[in-house]
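All remarks here apply to the structure that follows.
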Amino acid sequence: MGKLDGKVAIITGSTSGMGRDTAYLFAKEGAKVVVTGRNEERAKAVVDQIKADGGEAIYVIADTSDLTAPQKIFDATMEAYGTVDILFNNAGKLSVTPILDLSLEEFTEVMNVNVTSAFILTKLVAPVMKEKGEGYIINTSSVAGCAAHWGPIAYCTSKHAMNGLTKAMANELGPEIHVNGIQPGAIRTAMLDSAGGEAACGFMIDRSPLKRIADGSEIASVALFLATKESSFIDGQLIRVDGGVDI
Ligand SMILES: NC(=O)c1ccc[n+]([C@@H]2O[C@H](COP(=O)([O-])OP(=O)(O)OC[C@H]3O[C@@H](n4cnc5c(N)ncnc54)[C@H](OP(=O)(O)O)[C@@H]3O)[C@@H](O)[C@H]2O)c1
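Residue numbers for the sequence shown follow this note's numbering, so the first one is 496 and each next one is one higher.
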């Protein structure tokens, strides 16, 4: 018996990285998983793998810089499975552009992908979860949501906003819906590779008592905890999963 038997989980940004690891874990635990992202080849590969392992999943191709994308994801979920129990707002865009070079267009795109689409998708799923009497929403923030030295302006702003969104959602969507956030440190994913990979993380490895970066599966296991009754009295919290880089 899986921890998520009979549950339907939307995981944004699950064509890659920690979202993909979470999709595999949730499916292994019995959830029907809605995989989302822009890259159809990778989305299909994730769904094929889940099905090959005996699980159930669909994919929805949606670019969340376009604010009509959340409705598309919600509609496809309801059409395929008729309900939703878990939403992992995880899709993210990294921007490393400093403020004086940052265009309004790039800033807006980062905010749309990292924050605004999560707000819209939450508004869509929350009535379903309220009606069912139970739901779990997990938001991916970052250590860049804790301090500006961890990330440049657009990314840092978006992740600080994700913290506020998490707490405000928890405050307004209880008692039926639990909302919590995860603040990853350096995790071995395509996004980290785009920023120089493990070789560029020496300062984080030095600052961590664990002296390493992490795999996406180490975020997936926390997401699973936050998506079940095992975290029943945790709400509105931002869990740092960063190897202790700021202690
Ligand atoms: N890796 C780290 O060290 C780290 C640290 C702190 C926080 N995070 C956060 O963790 C989350 C997952 O990132 P990751 O590290 O797993 O990186 P990743 O492997 O690059 O995955 C990012 C995911 O987001 C999706 N995505 C990006 N832009 C999108 C868009 N415009 N529309 C729809 N989907 C989009 C990607 O899908 P497609 O490519 O298919 O569009 C992909 O599935 C992000 O929110 C990120 O900010 C990562």
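Don't be surprised by glycine CBs; every beta carbon is placed ideally from N, CA and C.
Extent of the continuous beta strand (DSSP E) to which residue i belongs
i	result
residue 527	527 to 532
residue 644	Run containing residue 644: none; DSSP gives neither H nor E here.
residue 693	Careful: residue 693 lies outside any beta strand (DSSP E) and carries neither H nor E.
residue 738	No beta strand (DSSP E) contains residue 738, which DSSP labels as neither H nor E.
residue 630	630 to 635
residue 505	503 to 506
Chain-order list of residues whose beta-carbon lies under 7 Å from that of residue i (same chain, five-residue window excluded)
i	result
residue 535	556
residue 687	681
residue 718	517, 583, 633 and 677
residue 567	555 and 557
residue 693	683 and 708
residue 594	648
Range covered by the alpha helix (DSSP H) that runs through residue i
i	result
residue 732	First-last for residue 732: undefined, no H or E at that position.
residue 520	512 to 523
residue 497	Here residue 497 belongs to no alpha helix (DSSP H), and DSSP marks it neither H nor E.
residue 586	Looking at the DSSP string, residue 586 is not in any alpha helix (DSSP H), and its letter there is neither H nor E.
residue 615	612 to 627
residue 605	599 to 606
Beta carbon of residue i nearer than 7 Å to that of residue j
i	j	result
residue 709	residue 682	yes
residue 639	residue 610	no
residue 582	residue 632	yes
residue 538	residue 530	yes
residue 623	residue 579	yes
residue 652	residue 634	no
residue 448	residue 608	Here the chain comprises residues numbered 496 to 742, so residue 448 is not present and cannot be evaluated.
residue 689	residue 740	no
Same chain, Cβ closer than 8 Å to residue i, five either side skipped, listed in chain order
i	result
residue 649	590, 592, 597, 601, 602, 605 and 606
residue 684	511, 512, 513 and 711
Cutoff 6 Å; reference residue i; Cβ partners in own chain excluding five residues on either side
i	result
residue 516	711, 712 and 715
residue 525	497, 499 and 500
residue 625	671
residue 726	720
residue 519	none
residue 559	586, 608 and 612
residue 504	521, 526, 528 and 581
Any chain D beta carbon closer than 7 Å to residue i
i	result
residue 643	In the structure shown, chain D cannot be found, because there is only a single protein chain.
Please go through the stretch 657 to 734 and give each complete alpha helix (DSSP H) segment of 4 or more residues, from N-terminal end onward. 685 to 689, 697 to 702 and 712 to 721
Can you confirm whether the stretch 536 to 550 touches the stretch 566 to 586 when touching is taken to mean that 3 or more C-beta pairs between the two stretches lie within less than 8 Å? no
Ordered list of beta strand (DSSP E) runs contained in the stretch 532 to 592, each at least 3 residues: 551 to 556 and 581 to 584
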